[in-house]
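In what follows, a single structure is set out as C-alpha cells and then discussed.
Protein chains: 2
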Amino acid sequence: MGREAVLDVLSHTDQHLSAEDIYMRVHETYPAIGLTSVYRTLDMLVNIGLVYKFDFGDGRARFELAEGPKGKDHHHHLVCTGCGRIVNYRDFIDEEVALLKKTEEGLSKKYNFAITNHLIQFYGLCEGCRKP
Amino acid sequence: MGREAVLDVLSHTDQHLSAEDIYMRVHETYPAIGLTSVYRTLDMLVNIGLVYKFDFGDGRARFELAEGPKGKDHHHHLVCTGCGRIVNYRDFIDEEVALLKKTEEGLSKKYNFAITNHLIQFYGLCEGCRKP
DNA sequence: TTTGTTATTGAAAACCATTTTCATTTGCAA
DNA sequence: TTGCAAATGAAAATGGTTTTCAATAACAAA
Numbered sequence: 052m053g054r055e056a057v058l059d060v061l062s063h064t065d066q067h068l069s070a071e072d073i074y075m076r077v078h079e080t081y082p083a084i085g086l087t088s089v090y091r092t093l094d095m096l097v098n099i100g101l102v103y104k105f106d107f108g109d110g111r112a113r114f115e116l117a118e119g120p121k122g123k124d125h126h127h128h129l130v131c132t133g134c135g136r137i138v139n140y141r142d143f144i145d146e147e148v149a150l151l152k153k154t155e156e157g158l159s160k161k162y163n164f165a166i167t168n169h170l171i172q173f174y175g176l177c178e179g180c181r182k183p
Numbered sequence: 052m053g054r055e056a057v058l059d060v061l062s063h064t065d066q067h068l069s070a071e072d073i074y075m076r077v078h079e080t081y082p083a084i085g086l087t088s089v090y091r092t093l094d095m096l097v098n099i100g101l102v103y104k105f106d107f108g109d110g111r112a113r114f115e116l117a118e119g120p121k122g123k124d125h126h127h128h129l130v131c132t133g134c135g136r137i138v139n140y141r142d143f144i145d146e147e148v149a150l151l152k153k154t155e156e157g158l159s160k161k162y163n164f165a166i167t168n169h170l171i172q173f174y175g176l177c178e179g180c181r182k183p
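Those sequence lines, one after another, are chains A and B.
Here my numbering is used: the first residue of the first sequence is 52, the next is one more, and so on.
Here my numbering is used: the first residue of the second sequence is 52, the next is one more, and so on.
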C-alpha cells in the first residue's frame with residue numbers, strides 16, 4: 052500500500068501537489084506504484100481526514116497534509132488567477148477561525164447541517180502577473 | 052449572441068445552474084443556440100464580472116448572477132456533501148464581509164496581490180443525508 | 001450593390017483529469 | 001497447500017469542458 056509513500060511525499064513539501072505530482076515523486080522511490088493507486092490512496096486519506104483536497108480552479112485537484120491536532124500549521128490560501136501561484140497565509144487566521152466557528156454553529160442550528168469543513172480563499176493577481 | 056438569453060435564465064432562478072442546465076433552459080426559447088455558445092458566453096460573462104463561477108466539488112461548474120452594486124443579495128454557500136444541495140445563507144454575512152475586507156487589505160499589502168475575489172463555503176451533511 | 005475581410009456560430013472532435021473495469025497478484029487463514 | 005478475498009496497475013471508459021474547423025453572418029470598402 053502506497054499510503055506511507057504518499058504521506059511521506061506530502062509531509063516533505065509545502066507546495067500544493069496534484070495527484071500526478073505526487074505520483075511522480077512517489078514513483079522515484081517506489082517505481083512499482085501506479086497512478087491509479089495514488090488516486091485511490093489519496094481518496095482514502097481524504098476520507099480519513101489525514102489529507103485535504105483543494106480545488107483552485109485550474110482543473111486539477113491539489114492535496115496537502117491536514118495539520119495535526121495542535122493546528123499550528125493552519126492556514127488559508129491566496130491564489131493568483133494569473134499564474135496559479137498559491138500562497139499559504141497564516142495572518143489573520145485566528146480571527147478568521149474564530150468567526151468561522153461562530154458562523155458554523157449558527158448555520159448548523161439554523162439549517163440543521165452537520166458542518167465538517169469550511170473553505171476560505173482569496174483570488175487575485177500577484178505582482179508579476181499585474182505588470183505586463 | 053446568447054448573452055441576453057443566458058443572463059435572462061440566470062436572473063430568473065436562485066438555483067445554482069451548471070452550463071448544461073443553462074443550455075437546456077436557453078434552448079427552450081432559442082433552440083438555435085448550441086452548448087458551445089453557452090460555454091463561450093458564460094466564460095465572457097464571468098470575465099466581465101457579471102456572473103460568478105463556482106466549484107462545489109461535484110465536477111461541474113455552477114454559475115450565478117453577480118449581485119448588483121447594492122449587493123443586497125450577497126450570500127455565501129453551505130454545501131451538503133451527501134446530496135449536493137446548496138443553501139444560500141445571508142446570516143452572518145455582514146460580519147464575514149467586514150472581516151474579509153480587513154483581511155483582504157492586509158493580505159494585499161503584505162503579499163502584493165491585487166485581490167479581486169474571495170470564496171467562503173461551508174461543507175457538511177444536511178438532515179436527510181445524516182439519517183440513513 | 002458587389003467584393004473582400006473579419007467575427008460568430010455550432011457540430012463534431014479533441015482534451016485531460018479522474019474513475020472504472022478487469023485480469024492478475026498478493027495476503028492470509030483453514 | 002489450497003482457496004478465497006482484498007489489493008493492484010494497465011488499459012479503457014467517463015464526462016465536463018475546450019478546440020478545431022467549415023459555414024455563415026456582419027460589416028466595410030470600392
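Glycine included, each C-beta is placed from N, C-alpha and C at the ideal position.
Enumerate in chain order the residues of its own chain whose CB-to-CB distance from residue i is below 6 Å, with the five nearest sequence positions on each side excluded.
| i | result |
| --- | --- |
| V138 (chain A) | L129 |
| I84 (chain B) | G53, V77 |
| L86 (chain B) | Y74 |
| F173 (chain A) | L129 |
| T132 (chain A) | Y174 |
| I99 (chain B) | none |
| Y81 (chain B) | A56 |
| Q66 (chain B) | none |
Which residues in the same chain have their Cβ closer than 8 Å to the Cβ of residue i, if we skip the five residues on either side of it in sequence?
| i | result |
| --- | --- |
| D106 (chain A) | A112, R113 |
| S62 (chain A) | L116 |
| Y103 (chain B) | V97, F114, E115, L116, A117 |
| V60 (chain A) | L68, I73, R76, V77 |
| V148 (chain B) | H125 |
| C134 (chain A) | C177, G179, C180 |
| D109 (chain A) | G135 |
What does residue i touch in chain B if you count any residue whose Cβ is under 8 Å from its own?
| i | result |
| --- | --- |
| L96 (chain A) | None at all; the shortest Cβ gap to chain B is about 16 Å. |
| Y174 (chain A) | I166, T167, N168, H169, L170 |
| E155 (chain A) | F173 |
Residues of chain A with CB under 8 Å from residue i, in chain order?
| i | result |
| --- | --- |
| I99 (chain B) | By Cβ distance, chain A contributes nothing, its closest Cβ being about 15 Å from I99 (chain B), past 8 Å. |
Identify the contact partners of residue i in chain A, using a Cβ-Cβ distance below 9 Å as the criterion.
| i | result |
| --- | --- |
| R181 (chain B) | N163, F164, A165 |
| D72 (chain B) | Result: empty, since nearest Cβ-Cβ is about 20 Å, beyond 9 Å. |
Among the candidates the options, whose CA atom is the shortest distance from the CA of residue i?
| i | options | result |
| --- | --- | --- |
| H101 (chain B) | B:G110, B:E118, B:D109, B:G85 | The displayed chain sequence assigns Leu, not His, to residue 101 (chain B). Comparing Cα positions, the closest option is B:E118. |
| Y74 (chain B) | B:V57, B:D65, B:H67 | B:V57 |
| C184 (chain B) | A:Y162, A:E79, A:E146, A:F173 | With chain B running from 52 to 183 in the structure shown, residue 184 (chain B) is simply not present. |
| E195 (chain B) | A:V89, A:E146, A:K160 | Because chain B is modelled from 52 through 183, residue 195 (chain B) falls outside the range shown and cannot be assessed. |
| E55 (chain B) | B:Q66, B:S88, B:E71 | B:S88 |
| F143 (chain A) | B:K123, B:I144, B:L150, B:D109 | B:L150 |
| R91 (chain B) | B:A70, B:E79, B:H127, B:D65 | B:A70 |
| R141 (chain A) | A:K153, A:N168, A:K123 | A:K123 |
| H127 (chain A) | B:D94, B:T64, B:H169, B:K182 | B:H169 |
Under 7 Å between beta-carbons, which chain B residues line up against residue i? List them in chain order, please.
| i | result |
| --- | --- |
| A129 (chain A) | Checking the sequence, you will find Leu at residue 129 (chain A) rather than Ala. Simply L158, Y162, F164. |
| D106 (chain A) | D106, G108 |
Once you ignore the five residues that flank residue i on each side, which residues in its own chain have a CB closer than 7 Å to its CB?
| i | result |
| --- | --- |
| F164 (chain B) | L158 |
| R136 (chain A) | C177 |
| I166 (chain B) | E155, L158, S159 |
| I171 (chain A) | H127, E147 |
So which residues of chain B does residue i contact, with C-beta pairs closer than 9 Å?
| i | result |
| --- | --- |
| H34 (chain A) | Here chain A covers residues 52 to 183 and nothing more, so residue 34 (chain A) does not appear. |
| C177 (chain A) | Y162, N163, F164, A165 |
Check your understanding: What are the uninterrupted segments assigned as beta strand (DSSP E) that are 3 or more residues long and contained completely in the segment 96-158 of chain B, given in chain order?
Key -> 102-106, 112-116, 127-131, 137-140
**Study point:** Against chain B: residues of the segment 138-151 of chain A by CB proximity under 7 Å
**Key:** V138, Y140, D142, F143, E146, E147, L150
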